[in-house]
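Each residue of the sequence shown is one higher than the one before, starting from 282 at the first, in this note's numbering.
Following: one structure in structure tokens, then a few remarks.
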Amino acid sequence: MDNPTALRIACFCCGRIIPEGNLFVLVNRLHRIRKATGSDEIISGMASLQICMCCLAQAREAEIEFSETPVPLLSVERVGLYSYARKLDSPTQPCLLEGKAENCSFCGISIGDGNPYIEIEIHEEINHAHPEVVPDSTRVLGLACKECAETYMIWL
């Protein structure tokens, strides 16, 4: 019998419910504030893409359709997903942005201390009542300064 406290998380590609205890991949848009201490504050966030492992396996070989996304996907999210899918088997998978990213991925402007920005990240989660991020699975796909976020992103 299904656990009534488990979240009903659906794949944005195939639309199927991801069963409790199963892995899935999530692309997040995190609204953050840059802090001089290096531990930037998260203000809010949303999933722009969640995909089951079956669809992710298909993404390793070919482009797939995302019919259930709540917002239009950015190129950095789409390209990042395919890159993540292909490199997932590698135990030494590098971050897609090496080191601490300092510049907007769209316009190149430096994101200074105290400035708001969007971090686009990808990681694996396990579907439970409180989904948990798989350790060492998070990769940063890109950053957007406040102006580019307002230009290129839609929020729910």
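Just so it is clear, CB atoms sit at the ideal spot from N, CA and C, and this is done for glycine as well.
Let me confirm a value: residue i is counted as buried when at least 16 other C-beta atoms fall within 10 Å, else exposed. Which label applies?
| i | result |
| --- | --- |
| Ile-323 | exposed |
| Cys-388 | exposed |
| Val-306 | buried |
| Asp-321 | buried |
| Ala-410 | exposed |
| Val-421 | buried |
| Arg-315 | buried |
| Met-366 | This sequence places Ala at residue 366; Met is not what is there. Ala-366 comes out buried. |
| Ser-386 | buried |
Return helix, strand or coil for residue i, following the three-state DSSP convention.
| i | result |
| --- | --- |
| Glu-342 | helix |
| Arg-315 | coil |
| Ser-418 | coil |
| Cys-429 | helix |
Identify every residue that forms a DSSP beta bridge with residue i.
| i | result |
| --- | --- |
| Val-357 | In DSSP, Val-357 forms no bridge with anything. |
| Cys-333 | Phe-305 |
Pull up the CB-CB distance for residue i and residue j, whole angstroms please, since I reckon it's below 8 Å.
| i | j | result |
| --- | --- | --- |
| Ser-329 | Arg-313 | Not really, about 15 Å apart at Cβ, beyond 8 Å. |
| Ile-403 | Leu-362 | 7 Å |
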